[in-house]
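By this note's numbering, the letter at position 94 of the sequence shown is numbered 229, and the numbering carries on one by one without gaps.
A virtual CB, placed ideally from N, CA and C, is assigned to each residue, including glycine.
Input: a single structure, listed below in structure tokens.
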Amino acid sequence: TALALTAGCVRREIEVTSTPPGALLTLNGREIGRTPTRIEFTFDGTYDVRLKLAGYESVAGSGDSDMPVWDFMGADLVAEIVPTDIHRLEHWHFELVPDDDADASLRHRAEAAQRFVEAMPVVAPDAPPPAPTATPEAKKKKKSASQSNP
């Protein structure tokens with residue numbers, strides 16, 4: 136009983152960082168959050184990693200977690216019952232590359248917005264508002280009303 140009360144714990148985490156930070160992380164098809172972040176995991180192996188950040192090329196790659204000696208058959212049982220905590224932290228870092236197309240698209244949209252604003256008519260602040268224009272339906276009603284009143 137005393138052995139069970141003093142048993143240790145093996146904690147496994149992967150820390151994912153990116154330059155620049157703030158990329159949306161998807162791990163094995165599951166959205167995790169934004170970098171930098173830590174994820175607890177149970178099984179070692181190769182993980183599918185995807186990172187997305189506006190203005191940068193998306194990253195589609197993998198991250199590997201190799202099994203340490205204490206996770207091999209038999210040694211894992213000893214690691215779990217040793218009265219100490221074992222914390223294993225894997226570090227994966229990704230460099231994001233600026234997306235030149237995204238910069239060009241942003242410039243194009245900004246230039247279009249500037250042309251739109253410049254094309255707007257300038258109205259003096261103290262000028263009276265423009266007179267309302269009649270819609271085609273209002274013109275028809277007015278015409279039919281004038282024809283019925285001779």
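For residue j and residue i, the rounded distance between their alpha carbons
{"i": "Gly168", "j": "Arg223", "result": "21 Å"}
{"i": "Phe251", "j": "Pro260", "result": "20 Å"}
{"i": "Val184", "j": "Asp220", "result": "28 Å"}
{"i": "Phe176", "j": "Glu225", "result": "10 Å"}
{"i": "Asp179", "j": "Tyr191", "result": "29 Å"}
{"i": "Ile174", "j": "Glu246", "result": "42 Å"}
{"i": "Tyr233", "j": "Leu241", "result": "Reading off the sequence shown, one finds Pro at residue 233, where the question assumed Tyr. Each residue's alpha carbon lies about 13 Å from the other."}
Whole-angstrom C-beta distance between residue j and residue i, which should lie under 8 Å
{"i": "Leu231", "j": "Leu188", "result": "6 Å"}
Burial state of residue i, where buried means 16 or more other Cβ atoms lie within 10 Å
{"i": "Leu186", "result": "buried"}
{"i": "Leu160", "result": "buried"}
{"i": "Ala269", "result": "exposed"}
From the options, residue whose alpha carbon lies closest to that of residue i
{"i": "Ser197", "options": "Pro171, Arg173, Gly164", "result": "Gly164"}
{"i": "Val151", "options": "Tyr182, Leu241, Cys144", "result": "Tyr182"}
{"i": "Ser153", "options": "Val257, Thr172, His243, Cys144", "result": "Thr172"}
{"i": "Thr170", "options": "Arg242, Thr270, Phe229", "result": "Phe229"}
Which runs of the beta strand (DSSP E) spanning at least 3 residues fall entirely within the segment 153-209, listed in chain order? List check, beta strand (DSSP E) in window: 159-162, 165-169, 172-175, 180-187, 194-200.
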